[in-house]
Each structure stands twice: as structure tokens, then as C-alpha cells.
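Residue numbers (my numbering): -15 to 434.
Some notes on the structure that comes next.
The following block contains the structure:
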């Protein structure tokens, strides 16, 4: 938008604000003599005008501050390298080995910060964000689609941070073409975080920071912090609300009761378990179903749920059986874990973690497997259905469901590939894309995923 149009809109907004201020300053006293009733009525009218004009003026200002094009334009994809970087960061800063007051310095890859900020903006604000690292500063850019404005308009917020001791501070900021005071920018960011429901966590995290240093040569940020156990407690409360815990207890009880009908170590098709767990009634809510998928994923991974949720320590344990999908235990595991990830964290996270797991297996595990990747993708699609189209999923699960309805044939997919073999055969992006396209084609042939 030309600068002159911006100035014109802002001038119009300012005139509204001036009139509103004038009306607000009008002396108005309910105890004046009756002969001054006309003056009193005029004051009240000016107050009404002030109340009406303020939102109008604000609307004009927001329109002037919006842009026709987004500052950040990207998808919400997460790369497997970001998953690997996050895992390394957590291992080197394992909260279970930290005590209150311990000071640590974490080296965080800039790409991981960029991915995390964009993921947060996508999931919590329905926007897009980016992190850009400079010599002695860093910039965060945020784009949100402007609501209630005809045509595609965007609010583009940019904030510049400099290296500092103590908690990070904004030194420059802008909303669209207009510079805004640093204090106002911090308030806007804090408001966005509060809207997303993370206000207390943001405060605790900022107070824990002792130094922020930018290392563009290493494409990383050094963060020195003092460990505060409340961070871990708040992280758990962010992930699981008290109501979530109630739903997970019910899901654990349902799983334990269902598996009691089978003998220990019996081979049980996953489809026989999913239907009664997810479709006992048509009025199940999304929290019910997400809790069920998480409890089932924990069971499939052979992990104690209490490691994730301390409240689960005394809950009944489900009998150990061998859940299979198309006759394979590993396919059931990949399917169930990816379904839970998709339902709780979204498709991008589920896909990235699935690919990362296979790459990691090629280096030190059973090898890269496109069959496992197909099970991951099927689980992701299933988890998305749980979130986005449960009524249709309920109709399917209420009928006769077999494993073949959940996962297509895995015949012909290369498996057990070492890292060297994987690079030799599928280092070419086209060769890799052919395999992933075949996975998507087979999934699309299943009525459940059409």
C-alpha cells in the first residue's frame, strides 16, 4: 500500500480519537440544577459518541496497519532434522538430572527455534512465524490473517531482540508499515501468548533466563538459564488439563477391561481393539478419543503411562498381549503411536517424527523401512479423522472393521535398509518420492481415507 494511503487512514483514525477525547473531557455532573438539563444531555450524547467512535477509530487504525500480503508465507511442515535437534537438546538438558537453582547453557539451533515458533503460531494463533538470526540480534516475524476485514489482509508483526543479560527484551518493533514502541510490542506478544493459554509459563520461562547470546557463525543461540522445577510442572499442565486426566483414567480402565478377555501374550488384531475403544457410543467427545489414542500408544510402545503422567501410578495395568496390524506387531506400534501424535500434536509433527524414527533406525536400529513409514502415514491419517471427522469414523468403526480397512498392503515396500544402502537406493529425491507417492496412493484406495 502506498505511504500516502497509510497516512490518510491514520489521519482519519486520529480525528476520530480526538473527537472521542474531547467528548470524554466534557464536564458532566448529575447534580447540576434542572435548568442545566440541556447541557447535561449534550454531555451524555458526547459520551455516547465517544463510546461509539473509539471502536470505529480503532478499526480504521487496524485497517491502516494491515497489509495485503503476508510477511511470513510458509507451510507448517516440520523436518526430521528438527526432531533430531530437539531430541539432542532434551537429552543434554534432561530435567530429571537438574536441581532447583542449577545454571546451564543450552546451545539451540536457529532452525529449531524457527520451526518451533512457526509451529506455535500455526497451532495456537492460526498464523505463520519465522526466526531470523543476525550478527548481534535476532528477529521474530509473525503473520496473522486479519479477521473481519474484506479481502485478504494480514497483520504483520516484527520484533527485534538484541543480546542481553537477563530476560530478553525487544529493542525495535513494527506492525505493518508502522513502528511501534518496544513496550507495546512486548504487550502484544504477551497478549498473543496469553490468548494461547501460556501466560504463566511464559513468565516463569523469562524469569529463568540469565543470558541470551546469538552465534550466527554456528547458526545457533546460546541460552543460559537457571533451572526452576515449576517449568516442568507447568509443561505437564500445558499438555494435560485436569479434565484430560479424567478422560485418560477412563481410557486406561476401558483398555484394561477389554484386554482382560484375552490370554496373556495372545496375538490380537488392532482393529478388534480400536472399534470398542473408540466407538462405544456416538456421543464421545474429542478429549475422550484423544485420551484413548494416547493410552493405547503408551501401551503399544510398552511404556509406563506414569512416566508421562505421575497421576497414573496407581491406575490398573492392562494385560500384555501382542497387538498386530496385518499380522505385524511393528505396524501396530507405528500406526498407534502416529495416530496419537496426529491427534495431540498435528500431522506435521507426526510425519516428521515418523521419518526421523526411520532415519535413526537406518543408522543404529533395524534399518529404514518404507513399510513402517506406510504404517506411520496410515496412523496419522487415522488420528486426523479422530480430530476432524469423527462422525464418519464412528460409522466405519460401528460396522465390521478389519486390519485391511486401516492399513493397505505393505507388499513390495523396501525394508531393513542400512544408512549406506538407503542413500545408495533412495538418496535421489525422485526415488524417495516415488516410494512415498506409492504409500499415499495405496492409502487413498482405502475407503476410510478418501
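Backbone N, C-alpha and C define an ideal beta-carbon position, used for all residues, glycine too.
Reducing DSSP to helix, strand and coil, say where residue 60 ends up.
Of the three classes helix, strand and coil, the one that applies to residue 60 here is coil, per DSSP.
The beta strand (DSSP E) with residue 194 in it runs from where to where?
193 to 199
Just how far apart, CA to CA, sit residue 354 and residue 190?
42 Å
Counting beta carbon pairs with one atom in the segment 96 to 107 and one in the segment 49 to 64, are three or more of them shorter than 8 Å?
Three or more pairs of CB atoms, one per stretch, sit closer than 8 Å, so the segment 49 to 64 contacts the segment 96 to 107.
Pick from 263, 360, 351: whose alpha carbon is nearest that of residue 407?
351
Consult DSSP for residue 184 and reduce its assignment to one of helix, strand or coil.
helix
Considering only residues of the same chain and omitting the five flanking positions on each side of residue 215, which have a CB-CB separation below 7 Å?
188, 189, 192
Beta carbon of residue 256, beta carbon of residue 299: below 7 Å?
no
Is it the case that the segment 73 to 89 contacts the segment 173 to 180, given that we only count it when at least three CB pairs across the two stretches are under 8 Å?
no
Taking the beta strand (DSSP E) that residue 88 falls in, what are its first and last residues?
87 to 93
With three or more beta-carbon pairs closer than 8 Å as the criterion, would you say the segment 282 to 301 touches the segment 334 to 341?
no
Give a yes or no on whether the C-beta atoms belonging to residue 129 and residue 55 are separated by under 7 Å.
no
Am I right that residue 112 and residue 58 are in contact with their C-beta atoms under 8 Å? What's the rounded C-beta distance?
6 Å
Does the segment 307 to 322 come within contact of the segment 355 to 366, defined as at least 3 CB pairs closer than 8 Å?
yes
Please classify residue 382 as buried or exposed, where buried requires at least 16 neighbouring CB atoms within 10 angstroms.
Exposed is the label assigned to residue 382, since fewer than 16 other Cβ atoms lie within 10 Å of its Cβ.
Quick one: what does DSSP say residue 246 is sitting in, helix, strand or coil?
coil
By alpha-carbon positions, which one of 251, 232, 239 ends up nearest to residue 269?
232
Using C-beta distances below 8 Å, list every residue in its chain close to residue 416, excluding the 5 sequence neighbours before and after it, in chain order.
410
Starting from residue 164 and walking both ways along the beta strand (DSSP E), at which residues does that stretch end?
Careful: residue 164 lies outside any beta strand (DSSP E) and carries neither H nor E.
Taking a contact to mean a Cβ-Cβ separation below 7 Å, would you say residue 219 touches residue 206 in this structure?
no
Apply the 10 Å Cβ neighbour rule to residue 241 and answer buried if 16 or more other Cβ atoms are within range, or exposed otherwise.
exposed
Is DSSP giving residue 142 helix, strand or coil here?
Note: residue 142 maps to strand in three-state DSSP.
Mind checking who residue 127 pairs with in its DSSP beta bridge?
112, 140
Residue 205 lies in the beta strand (DSSP E); which residues open and close that run?
Run containing residue 205: 204 to 210, per the beta strand (DSSP E) assignment.
With H, G and I counted as helix, E and B as strand and the rest as coil, what does DSSP make of residue 219?
Of the three classes helix, strand and coil, the one that applies to residue 219 here is helix, per DSSP.
Would you please state the rounded distance, in angstroms, between the beta carbons of residue 367 and residue 324? I believe it to be under 8 Å.
7 Å
Please classify residue 249 as buried or exposed, where buried requires at least 16 neighbouring CB atoms within 10 angstroms.
Its Cβ having fewer than 16 others within 10 Å, residue 249 is exposed.
CA-CA distance, residue 212 and residue 399?
44 Å
Quick one: Cα of residue 373 to Cα of residue 123, how far?
38 Å
Which of the three DSSP states, helix, strand or coil, is assigned to residue 306?
If DSSP states are grouped into helix, strand and coil, residue 306 belongs with the strands.
Indicate the three-state DSSP secondary structure (helix, strand or coil) for residue 429 in the structure shown.
helix
Which residues mark the beginning and the end of the alpha helix (DSSP H) in which residue 321 is found?
313 to 329
Among 109, 305, 149, 420, whose alpha-carbon lies nearest the alpha-carbon of residue 394?
420
Going straight from the alpha carbon of residue 435 to that of residue 201, what length do you get?
In the structure as shown, the chain begins at -15 and stops at 434. Residue 435 is therefore absent and cannot be evaluated.
Alpha carbon to alpha carbon, how far is residue 137 from residue 53?
7 Å
Applying the criterion that 16 or more other CB atoms from any shown protein chain within 10 Å of the CB defines a buried residue, is residue 428 buried or exposed?
Under the 10 Å beta carbon count, residue 428 is surrounded by fewer than 16 other beta carbons and is classified as exposed.
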